[in-house]
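**Q** Okay, handing you the structure first.
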Amino acid sequence: MKKNERITIEDSILKITNELLQEWEERFQNISIRNDVPFVNRSHDEFDYFSEIEVNYWRENGSLATMFSIIIFMESKHVLSVDEAENYIREEMETCYNECSTDT
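In structure tokens:
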């Protein structure tokens, strides 16, 4: 897969991630949890390419509450499509929310 194609896929999944974070923001704020601004973390190895988006959730005291990772490419293989991303991210956010809700 060409570099531009990978970047288009990664950017699309990042956009979905940000939209879902906005959708869930108030629920997390109600339990005093906030998230970092996510970004695509990319390797520069064309033969063993890896990319992911990491979402970290933080407590008010600055400690990590929970996190999840969205792996898009691993060992140069496309492992998460744009079509699958929304459901996957929603499930991960639900899990994180439930973990954080029971901690408070």
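Each residue of the sequence shown is one higher than the one before, starting from 1 at the first, in this note's numbering.
Cβ atoms here follow ideal geometry from the backbone N, Cα and C, with glycine treated the same way.
Counting only the same chain and skipping the five closest in sequence on each side, list residues whose C-beta sits under 7 angstroms from that of E52.
**A** The beta carbon of E52 is closer than 7 angstroms to those of N41, S69, I70, I71 and I72 in its chain, skipping five residues each way along the sequence.
**Q** Within its chain, find whatever has a CB closer than 7 angstroms to the CB of E99; leave out the 5 residues flanking it on each side and keep chain order.
**A** T66
**Q** For F68, report the span of its beta strand (DSSP E) as first-last.
**A** L64 to M74
**Q** Express the C-alpha separation of E46 and I89 in angstroms, rounding to a whole number.
**A** 26 angstroms
**Q** Confirm, please, whether the CB-CB distance from V55 to T17 is below 8 angstroms.
**A** yes
**Q** Please list the terminal residues of the continuous alpha helix (DSSP H) segment that includes S51.
**A** Note, S51: premise wrong, no alpha helix (DSSP H); beta strand (DSSP E) at S51 to R59.
**Q** Nearest to N61 by CA position, among E25, I31 and E19, is which residue?
**A** Nearest of E25, I31 and E19 to N61, Cα basis: I31.
**Q** Are there 16 or more other CB atoms within 10 angstroms of the CB of F39, so buried, or fewer, so exposed?
**A** exposed
**Q** Tell me which residue opens and which closes the beta strand (DSSP E) that I33 is part of.
**A** Annotation for I33: the continuous beta strand (DSSP E) segment containing it runs I33 to N35.
**Q** Quick one: residues in its chain with C-beta nearer than 6 angstroms to the C-beta of I33, no 5 flanking neighbours on either side, listed in chain order?
**A** Result list for I33: Y57, A65 and C100, in chain order.
**Q** Where E94 and K3 are concerned, what is the direct C-alpha to C-alpha distance, given to the nearest angstrom?
**A** The alpha-carbon atoms of E94 and K3 are separated by roughly 32 angstroms.
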